[in-house]
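Trainee:
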Ligand code: 3HC
Ligand code: NAI
């Protein structure tokens, strides 16, 4: 490779170069965007170090990375593919055994395999602002390139256990306190590398081989962590293996590394690993939309109409992201309720350490303006309507907004189900109208469905996505239909739960089966929490258009007729009191009565059957949503459920689960269930085609 006359760097390959300064050699990594330890990086790094081993002019090496970060981990894109030599563990061992001492500079987000590379060097310097950590557990694996063996040798078992089982990122200062790095620097990576390598030569920085250090065994810490994880993460696989691996650090390093490899391979083979990595990519894939190249409009101020559950949450999210917000309500009482809710939300943010008490005061004093007059929103760059879910109320609002909003303002509705095309048509600027569907509580939930109507302009869509980014939310593009991606699919699969309830399963059995699958809550716990009155209103609205063939289960409506709306009224499917919640005997009686009325002899359902019917229903409707082009790709649907509906992250999302089951088996199940109800259980054309061709949803994601 050639030497660059301007920088003096000699390329080893396309991502690694060497630069010589007297007795110091700098090895620079340059593999944008995050310097992932790809095959090219591993090969180039080994070649560079090898080349310097026998160089009599070189006494020490400074290893650093260009760009925004030191290595942010193994290249996740290589997971699940045939391994390419050299593996990262070999690279780390090779670095540790280098005859020339290596000082490593950590900057940006030095994560996973990146931290493992650093720990294998002979001294470490972190730039101020560095974040370091082992996020492997969030991907269903464990640090597999010596991290579980070297971190305890430098930081001790308790600190290593905490970092490795939580995936928590620590600051440069914490890394120094733990002994993971030797010093901090305020210089840039290259200068720091030059200085650190010279200091190794001058004896100002000690040369240590991490693998030679002793570990102080700590059985009590390992046992305590095991017990904690058994309680907090009983369904997950890799956190428990992390503890086993860290415990093995009491062995000589070679044996400990072997044990780490064995446990790492077991994690790699687990379906949870595939699910979690799918979720990682889902979070990023959803940003790839047809409007990605359009320029978002500048958003300096936000208007929110309606200070109820959603409006107050949306206003809180915007205020926490630094936007000035004008909140509008029908009357002063509405404004007072909205402001009180925002104030409580901000208190929560202070409690969770996300906001300082002074920050809270400053927001309430100067960022939030309230008015009962919609004209107060005339200068807002983006206005989000969150009033009652009634078209007539929305009409009045949008007709007024059309008159008073400044030209170019984005006009958004937070409607859960209503037609955004119809709302856009109430204005003379349909290109500026969009659905921004937040999830409750809006200042906490990460999902934002960006609903694109027929005439919505590309700039308006791009603005919706830019807003989500500013609010640290995950935006998913949806087309217009009743309920958009998430609520439409939920409305459908919720019926499958109701059918099982009517046919013999108790709400508690159904909830237990679904939490056993990994959902944070079962469908009846969710219904009670959201308020049964909401679906009661939707049921009434749909009653006139409900197809005659559709089986209708009136149990939840009957609970509502008694004023039992769920948690907020003290009872619903469950009873709620100071001792917690338990099945509501009165609800069970109503279920019995309805079964008797419909002449149904109840039968038993196993957890497996409940999960199978529930998931099959979810996938069935999701396939239709895809077929109709409401969702761009299967992975968008996965993101909606992962970030908006508490779908277990380790399962990757409904379409990922669908691929594990296989289209052929799904068709077989639907046809089997159709023997009972051929209206509800109909095979979507796309699924049938997939069953015939063998195509998977993953393939459609890759194809784009
Ligand atoms: N491998 C491959 N690609 C990666 C990657 C990785 N480890 N980390 C990030 N990327 C990609 C992203 O997919 C994205 O690609 P795209 O632009 O095509 O969508 C691009 O890099 C930029 O990433 P982000 O959008 O996430 O950028 P941010 O600046 O917001 O965040 C980050 C940067 C904090 C490094 C974040 O990307 C991240 O957390 N990455 C994952 C880190 C990780 O989990 N590392 C451990 C890997 S496992 C491991 O090391 C195993 C070892 O023990 C053997
Ligand atoms: P809510 O009933 O809690 O709040 C609605 C608020 O709008 C009330 O405070 C009311 O006074 C106010 N309002 C009514 N007419 C108004 C007008 N003309 N001008 C100003 N304010 C007016 O309702 P919620 O739950 O906040 O829902 C609002 C919207 O958000 C609905 O469209 C709903 O479908 C949607 N949504 C609700 C979710 C939820 O979980 N509650 C989730 C996502 C969307």
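Numbering (this note's numbering), first residue to last: 9 to 712.
Each residue gets a CB set at the ideal place from its N, CA and C atoms; glycine is no exception.
All values derive from a computational prediction rather than experimental measurement.
State the Cα-Cα distance for the pair residue 14 and residue 28, rounded to the nearest angstrom.
Mentor: 13 Å
Trainee: When you compare each of 488, 127, 603 and 454 to residue 221 by their alpha carbons, which one comes out closest?
Mentor: In terms of CA proximity to residue 221, 127 leads the group 488, 127, 603 and 454.
Trainee: Rounded to whole angstroms, how far is the Cβ of residue 78 from the Cβ of residue 114, which I believe are closer than 8 Å?
Mentor: Contact flag correct, Cβ pair sits at about 5 Å.
Trainee: Confirm the yes/no value for this check: CB of residue 119, any heavy atom of the ligand 3HC, distance under 7 Å.
Mentor: yes
Trainee: Between which two residues does the alpha helix (DSSP H) holding residue 206 run?
Mentor: 197-210
Trainee: Quick one: grab the DSSP three-state call for residue 423.
Mentor: Three-state DSSP puts residue 423 in coil, outside helix and strand.
Trainee: Touching or not, the segment 522-535 and the segment 566-583, by the rule of three or more beta carbon pairs under 8 Å?
Mentor: yes
Trainee: Report the option in 696, 682 and 663 whose CA atom is closest to the CA atom of residue 287.
Mentor: Measuring from the Cα of residue 287, the nearest candidate turns out to be 663.
Trainee: Is it the case that the CB of residue 413 approaches a heavy atom of the ligand NAI more closely than 7 Å?
Mentor: no
Trainee: According to DSSP, which residues form a beta bridge with residue 485?
Mentor: 458
Trainee: Can you round the beta-carbon distance between residue 111 and residue 133 to whole angstroms, since I take them to be within the 8 Å contact cut?
Mentor: 6 Å
Trainee: Thinking residue 658 and residue 280 are a contact (beta carbons under 8 Å), I'd like their distance in whole angstroms, please.
Mentor: 4 Å
Trainee: Are residue 223 and residue 165 close, meaning C-beta to C-beta below 8 Å?
Mentor: Judged by beta-carbon spacing, residue 165 lies within the 8 Å limit of residue 223, meaning their Cβ atoms are closer than that value.
Trainee: Among 231, 199 and 82, which residue has its Cα nearest to the Cα of residue 153?
Mentor: 82
Trainee: Considering only their Cβ atoms, is the gap separating residue 358 from residue 8 smaller than 8 Å?
Mentor: Summary: the structure shown does not reach residue 8, with the chain confined to residues 9 through 712, and so no result is reported for it.
Trainee: Start and end of the alpha helix (DSSP H) containing residue 142?
Mentor: Taken as a continuous stretch (DSSP letters only), residue 142 belongs to no alpha helix (DSSP H), as it is neither H nor E.
Trainee: How is the alpha helix (DSSP H) around residue 593 delimited, first residue to last?
Mentor: 593-605
Trainee: State the DSSP-derived secondary structure class of residue 221, mapped to helix, strand or coil.
Mentor: Coil, per DSSP.
Trainee: So, with DSSP's three-state summary, where would you put residue 115?
Mentor: coil
Trainee: Are residue 237 and residue 251 closer than 8 Å when you measure CB to CB?
Mentor: yes
Trainee: If you draw a straight line from the alpha carbon of residue 513 to that of residue 691, how long is it in whole angstroms?
Mentor: Going from the Cα of residue 513 to the Cα of residue 691 covers about 25 Å.
Trainee: Give the DSSP bridge partners of residue 339, in chain order.
Mentor: Paired residues: none, contrary to the question.
Trainee: Quick one: residues in its chain with C-beta nearer than 8 Å to the C-beta of residue 21, no 5 flanking neighbours on either side, listed in chain order?
Mentor: 9, 48, 51, 52 and 55
Trainee: Measure the CB-CB distance between residue 138 and residue 116 and report whether it falls below 8 Å.
Mentor: With a cutoff of 8 Å on beta-carbon distance, residue 138 and residue 116 are scored as near each other.
Trainee: Using only the heavy atoms of the ligand NAI, determine whether one of them is closer than 7 Å to the beta carbon of residue 547.
Mentor: For the ligand NAI, no non-hydrogen atom lies closer than 7 Å to the CB of residue 547.
Trainee: Indicate the three-state DSSP secondary structure (helix, strand or coil) for residue 446 in the structure shown.
Mentor: It is a strand residue.
Trainee: Measure the CB-CB distance between residue 524 and residue 615 and report whether it falls below 8 Å.
Mentor: yes
Trainee: Could you check how far apart the C-beta atoms of residue 257 and residue 151 are, in whole angstroms? I think they sit under 8 Å.
Mentor: Actually they do not touch by this definition, with Cβ atoms about 11 Å apart.
Trainee: Please tell me whether, using a cut-off of 7 Å, the distance from the CB of residue 336 to the nearest non-hydrogen atom of the ligand NAI is below it.
Mentor: yes
Trainee: Can residue 614 be considered in contact with the ligand 3HC, in the sense that its beta carbon sits closer than 7 Å to one or more heavy atoms?
Mentor: Checking the Cβ of residue 614 against the ligand 3HC gives no.
Trainee: Does the distance from the C-beta atom of residue 390 to that of residue 334 stay below 8 Å?
Mentor: no
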